[in-house]
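Step one of this worksheet: look at the structure below.
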Amino acid sequence: MSGQPDLAGRVAVVTGAAQGIGRAYAEALGRCGATVVIADLNLEGAEATAEALRADGTKASAAAVDVSDQASTLALAETVRAAHGTAHIVVNNAAIYHSMRLDPQLTVDIDYWRKVFSVNLDGALLVTQAFAPLLIEAGWGRVVMQTSTAAWGNGGAYGASKLALLGLTRGFARELGGHGITVNAIAPGPVLTEATTSTIPQDRLDALVATAAIKRPGEVDDLTGALLFLCSEGSAWFTGQTMVVDGGITPRY
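Going by this note's numbering, the first residue of the sequence shown is number 28, and it counts up by one from there.
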């Protein structure tokens, strides 16, 4: 497909890529020539995704990771180093979403709150920390955080964790910019995935879509253009930013 970046020779790691948006990201990177590591807590699902990508001609492998556990993220980075010698692209897509609860913050269970943050925020921190040495050694890198438009109005643990991720993105952008590494975020609106349809009530989804300029929910392929730009040479002076991909749902800021 014309207009896609040439990522041949790049090694990309996508967390939470066994299904849904993460899988679509992995597929898009593979189509552009990247070698893709499918990293997921669900190793069986990750292996199935990697097998499907290989069948389409992508160099792909699977690896288990618990992004909330530092030892696990460090082990993933060492696995990638041993297999490929380097890494260039890290997509922090793994999140607690499928089991998202819309508990009011006044009554949210603190253990649930901490679990959401341990994956959605701490996970992005730990994975980026683990892979930063490889990206720095490579002298070129792209880190992409998966946030959400829920950051600007959803409330609850999920929305708060995704809002905090914006600050993490900006901080890493400053710390890594001098090494030729950009750090940006994608904030999707409602996207039709199995997780979305099983998590968000239909009436709430319909209400969100009704406020959009483009009156339909997103598809996973609606997000891959933003990802590929952020992983391209064309985004070399674009860092610390959040690309909102939501069909024009407003207001957001």
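Positions of the beta carbon are idealized from the N, C-alpha and C atoms, including for glycine.
Residue burial classification, residue i (beta-carbon count within 10 angstroms, cutoff 16)
i	result
residue 132	exposed
residue 41	buried
residue 29	Any answer about residue 29 is weak, because its pLDDT of 49 lies below 50 and its placement is not dependable; what the coordinates show is given next. Exposed.
residue 283	Because the chain in this structure spans residues 28 to 280, residue 283 falls outside the shown range and cannot be described.
residue 228	exposed
residue 36	exposed
residue 137	exposed
residue 233	exposed
residue 248	exposed
residue 225	exposed
residue 266	buried
residue 54	buried
CB-CB length for residue i against residue j, believed under 8 Å
i	j	result
residue 174	residue 213	7 Å
residue 85	residue 63	6 Å
residue 103	residue 159	Not really, about 13 Å apart at Cβ, beyond 8 Å.
residue 184	residue 47	20 Å between Cβ atoms; not a contact.
residue 24	residue 215	The shown model of the chain, from 28 to 280, leaves out residue 24, and the question about it has no answer.
residue 91	residue 43	That pair is no contact at about 12 Å.
residue 195	residue 148	7 Å
Where the beta strand (DSSP E) through residue i begins and ends
i	result
residue 168	168 to 173
residue 62	62 to 67
residue 42	38 to 42
Span of the alpha helix (DSSP H), counted from its first residue to its last, around residue i
i	result
residue 163	149 to 165
residue 236	229 to 237
residue 107	97 to 111
residue 240	Here residue 240 belongs to no alpha helix (DSSP H), and DSSP marks it neither H nor E.
residue 189	183 to 203
residue 47	47 to 58
Best match in the options for proximity to residue i [C-alpha to C-alpha]
i	options	result
residue 264	219, 206 and 193	206
residue 88	95, 73 and 96	73
residue 161	148, 195 and 112	112
residue 199	152, 233, 272 and 271	152
residue 31	274, 271, 272 and 260	260
residue 177	193, 167 and 221	193
residue 230	100, 122 and 217	217
residue 220	210, 233, 245 and 202	245
residue 258	233, 157, 116 and 249	116
residue 188	202, 224 and 143	143
residue 82	211, 58 and 209	58
residue 288	196, 130, 39 and 123	It is not possible to answer for residue 288, since the shown part of the chain is limited to 28 through 280.
residue 203	239, 180, 215 and 163	163
residue 114	237, 34, 211 and 51	34
Residues sharing a beta bridge with residue i, DSSP
i	result
residue 269	212
residue 91	67
residue 30	Note: residue 30 sits in no beta bridge, so no partner.
residue 245	218
residue 116	39 and 169
Any C-beta of chain B under 9 Å from that of residue i
i	result
residue 228	Although the question refers to chain B, the structure presented lacks it and comprises just one protein chain.
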